[in-house]
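Undergrad: Quick one: the structure is below, questions incoming.
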Amino acid sequence: MKKGGKRFEIACYQNKVSEFRSGVETDLSEVMQIEQIFTNVPKGQVAKRDDWTKCFQTDDMNKVIEEILRKGELQINNLERSHQLSSLSREIATLVTEMTVDPNTNRKHTVGMIEKTMSEIGFSVKADKPAKAQALELIKKLSSEEGENTLPIRRARMRIRITMPGKDAKRVKENIMKEVEETEEDDMGQEWEAIVQINPSAFRSITDLVNNETKGKGRVEVMGNV
């Protein structure tokens, strides 16, 4: 990283950097290959102590190393970058498999099929973006007209049971049903009980609606995915 107009580098185990940044790893000796501050790691050029103490305004080497670890740019070579992107691509495909089904069969696609489709549509995996965010982006792309001829896909639905006093249901049922994709059972009496399928994104709003409108007397139970 650059500080005070000068460049400082450290030699660390790249797979440990994310663990350190997230707080999983706190022992610097487990993260660092060499506990030293450099101006150029590949050439072995060590930074002058006067330079880093002045630029970081501390003579504590560990504090300087920690700041570089937290704020510095992680440099990886081509082989490592290729491996990283390959692993990330696999993770994205796995997440898509877990979150979706084929709407024609209601069965999950294999990870291999998702990876093949990613390649066919030219989906670009981004190393600096979380896998889940990219998985949702891919699902959206495949679900759109742009991707309709490549792989039939939709988000897997949640199957839930909703129960509440009948008097409350008369007031809130209409708003709840707006979030429902498919109704399996709908029984109204002194108590309303319904088994429905919803998109995962609707679960929070339905739960909040049931809890708020029934003052805790209603329940939402997850029965699985379909």
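Numbering (our numbering), first residue to last: 376 to 601.
Glycine included, each C-beta is placed from N, C-alpha and C at the ideal position.
Could you round the C-beta distance between residue 551 and residue 559 to whole angstroms and report it? I think they count as a contact, below 8 angstroms.
TA: As a position in the sequence shown, residue 551 is number 176, starting the count at 1. As a position in the sequence shown, residue 559 is number 184, starting the count at 1. Going by Cβ atoms, the distance from residue 551 to residue 559 rounds to 14 angstroms, so no, they are not a contact pair.
Undergrad: Mind reading off the beta-carbon distance from residue 529 to residue 478? Whole number of angstroms is fine, and I expect it under 8 angstroms.
TA: Position 154 of the sequence shown, counting from 1, holds the residue named residue 529. Position 103 of the sequence shown, counting from 1, holds the residue named residue 478. That pair is a contact at about 5 angstroms.
Undergrad: How would you write the range of the alpha helix (DSSP H) that residue 509 sits in, first residue to last?
TA: Your numbering for residue 509 matches position 134 in the sequence shown. Looking at the DSSP string, the run of the alpha helix (DSSP H) that includes residue 509 is 506-518.
Undergrad: Can you grab the Cα-Cα spacing for the pair residue 565 / residue 555, in whole Å?
TA: Position 190 of the sequence shown holds residue 565. Position 180 of the sequence shown holds residue 555. In a straight line, the C-alpha of residue 565 is about 22 angstroms away from that of residue 555.
Undergrad: Sort out for me which residues DSSP pairs residue 476 with in a bridge.
TA: To locate residue 476, count along the sequence shown from 1; it is residue 101. Per DSSP, 529.
Undergrad: By how many angstroms is the C-alpha of residue 502 removed from the C-alpha of residue 522?
TA: The residue you call residue 522 lines up with position 147 of the sequence shown. The residue you call residue 502 lines up with position 127 of the sequence shown. The pLDDT assigned to residue 522 is 47, lower than 50, so where the model puts this residue is not dependable, and the model offers no usable value.
Undergrad: With a threshold of 16 other CB atoms inside 10 Å of the CB of residue 517, please say whether the residue is buried or exposed.
TA: Against the sequence shown, residue 517 aligns to sequence position 142. When all chains shown are included, residue 517 counts as buried.
Undergrad: Give the DSSP-derived three-state secondary structure of residue 599 in the structure shown.
TA: The residue labelled residue 599 in the question sits at position 224 within the sequence shown. The answer is strand: DSSP assigns residue 599 an E or B state.
Undergrad: For residue 398, I'd like the list of residues in its chain whose CB is within less than 7 angstroms of its CB, leaving aside the five on either flank, ordered along the chain.
TA: The count along the sequence shown starts at 1 and reaches residue 398 at position 23. Taken in chain order, the list of residues that qualify is empty.
Undergrad: Going by other Cβ atoms of all chains shown within 10 Å of its Cβ, with 16 needed for buried, is residue 468 buried or exposed?
TA: Position 93 of the sequence shown, counted from the start, is the residue given in the question as residue 468. Flag for residue 468 reads buried.
Undergrad: Assuming the contact rule is C-beta atoms closer than 8 angstroms, residue 574 and residue 536 should be a hit. Round their C-beta distance to whole Å, please.
TA: Numbered from 1 along the sequence shown, position 199 holds the residue referred to as residue 574. Numbered from 1 along the sequence shown, position 161 holds the residue referred to as residue 536. With 8 angstroms as the limit, residue 574 and residue 536 do not qualify as a contact, their Cβ atoms being about 17 angstroms apart.
Undergrad: Below 8 angstroms on the Cβ atoms is my guess for residue 378 versus residue 413; work out the distance and round it to an integer in Å.
TA: Start at 1 with the first residue of the sequence shown, and residue 378 comes out as number 3. Start at 1 with the first residue of the sequence shown, and residue 413 comes out as number 38. In fact, because the Cβ distance is near 13 angstroms, the residues do not count as touching under 8 angstroms.
Undergrad: Roughly how many angstroms lie between the CA atoms of residue 381 and residue 428, to the nearest whole one?
TA: Translated into the one-based positions of the sequence shown, residue 381 becomes position 6. Translated into the one-based positions of the sequence shown, residue 428 becomes position 53. In a straight line, the C-alpha of residue 381 is about 12 angstroms away from that of residue 428.
Undergrad: Is it buried or exposed, residue 508, if we count other Cβ atoms within 10 angstroms and call 16 or more buried?
TA: Taking the first residue of the sequence shown as 1, we reach residue 508 at position 133. With fewer than 16 Cβ atoms within 10 Å of its Cβ, residue 508 is classed as exposed.
Undergrad: Consult DSSP for residue 572 and reduce its assignment to one of helix, strand or coil.
TA: Taking the sequence shown and counting its residues from 1, the one referred to as residue 572 is at position 197. Strand at residue 572.
Undergrad: Hey, could you find the ends of the beta strand (DSSP E) residue 386 is sitting in?
TA: What you label residue 386 is simply residue 11 of the sequence shown in a count that begins at 1. Looking at the DSSP string, the run of the beta strand (DSSP E) that includes residue 386 is 384-387.
Undergrad: I'd like to confirm the pairing. Which residues does DSSP put opposite residue 536 in its beta bridges?
TA: Translated into positions along the sequence shown, residue 536 becomes position 161. Answer is 570, 596.
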